[in-house]
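Novice: Numbering follows my numbering, in which position 121 of the sequence shown is assigned residue number 104; successive positions increment by one, without gaps.
Virtual Cβ for every residue (Gly too), placed ideally from N, Cα, C.
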Amino acid sequence: MRVLLTNDDGIMAPGLTALRRRAAELGDVCVVAPDEQRSGSSHSINLHLPIAVREIYRDGVLLGHMVRGTPVDCVKFGVAEILKEKPDVIISGINDSSNFGISVLYSGTVAAAVEGALMGIHSIAISIAQGERGDLDYAAELAVQLVAEATARPRTKPLLLNVNVPALPRGEINGVKWVRHNVAPYTERFRHVSEEGGWKHYAIHELEGPRHENPADDIHALQRGYVTITPLRVDFTDHAELAQRR
């Protein structure tokens, strides 16, 4: 099996290291990841500058290809230029904080998986909640299990999954739930931090998460110690509204 790994935390991130180690069980692993933190980059791509790529080695062993670009750049370039054959699966992560609710719209981790699905490749985005008790090896093991399930039988379309793991030791995780993602908005507040050359600089001061949750959604389940798996799709069309206009 050919596996492409990427993330939005940078090629040296601990989550990617854990994922690389476990994914080797699947077959040939290729790592193509950003040179630095790219969280919140969503589905952005580099249109106006050349993409710089550098091979990264440790103790003489190739760790992967480091890209000055976004996670989606990494997937596009990895599939088009680095790999000789199309990968069987793409795993993006392990992100160092949860990607639940509408954060899937902002996440570079999720966007990389979405790009893979657009290419017709089974793709999994996996994240672990912030906290000192999180088990990266468990999260990586779970990702590998999901890959095995995704590729175990023929499918009419690529599988696209968003996975979140609680920041708990594996023995304290309550189980796995397949759930929808919460669609309630976040609320941001800004504070003025500086002024220079006529520009006023502001930073997000407070970020308030969704106030409403549903027992069937990812936020509710994750906060109660469950791994959440949400199957996603890339069709944004409001089919009900479209049907009324015809």
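Anyone know if the C-beta pair for proline 54 and arginine -15 falls short of 8 Å?
Specialist: no
Novice: Would the beta-carbon of valine 176 fall within 8 Å of that of leucine 9?
Specialist: no
Novice: Could you check what DSSP says for alanine 150 in three-state terms: helix, strand or coil?
Specialist: coil
Novice: Could you check whether alanine 133 and histidine 105 sit closer than 8 Å to each other, using their CB atoms as the reference points?
Specialist: yes
Novice: Could you spell out where the beta strand (DSSP E) holding leucine 45 opens and where it closes?
Specialist: Note, leucine 45: beta strand (DSSP E), 44 to 50.
Novice: By the 10 Å Cβ neighbour count, where 16 or more other Cβ atoms means buried, how is alanine 94 classified, buried or exposed?
Specialist: Here alanine 94 is buried, its C-beta having at least 16 other C-beta atoms within 10 Å.
Novice: For the alpha helix (DSSP H) that contains threonine 92, what are its first and last residues?
Specialist: 91 to 101
Novice: Kindly indicate which three-state DSSP category glycine -2 falls into: helix, strand or coil?
Specialist: Of the three classes helix, strand and coil, the one that applies to glycine -2 here is helix, per DSSP.
Novice: Rounded to a whole number of angstroms, what is the C-alpha to C-alpha distance between valine 148 and tyrosine 209?
Specialist: 7 Å
Novice: Looking at the unbroken beta strand (DSSP E) that takes in proline 214, where does it start and where does it end?
Specialist: DSSP places proline 214 in the uninterrupted beta strand (DSSP E) bounded by 209 to 214.
Novice: Going by the DSSP bridge assignment, what does tyrosine 185 pair with across the sheet?
Specialist: His175
Novice: Using 8 Å as the threshold, is the stretch 76 to 83 in touch with the stretch -7 to 2, meaning 3 or more CB pairs across them?
Specialist: Counting C-beta pairs with one atom in each stretch, the stretch 76 to 83 and the stretch -7 to 2 have three or more that are closer than 8 Å, which means they touch.
Novice: Counting Cβ pairs, one atom from each stretch, are 3 or more of them under 8 Å apart for the stretch 176 to 190 and the stretch 149 to 163?
Specialist: Counting Cβ pairs under 8 Å, fewer than three are found: no touch.
Novice: Taking DSSP as the reference, what is the three-state secondary structure of isoleucine 74?
Specialist: strand
Novice: Tell me which residue opens and which closes the beta strand (DSSP E) that leucine 125 is part of.
Specialist: Note, leucine 125: premise wrong, no beta strand (DSSP E); alpha helix (DSSP H) at 119 to 133.
Novice: Measure the C-alpha to C-alpha separation of alanine 108 and leucine 225 and round it to an integer number of angstroms.
Specialist: 30 Å
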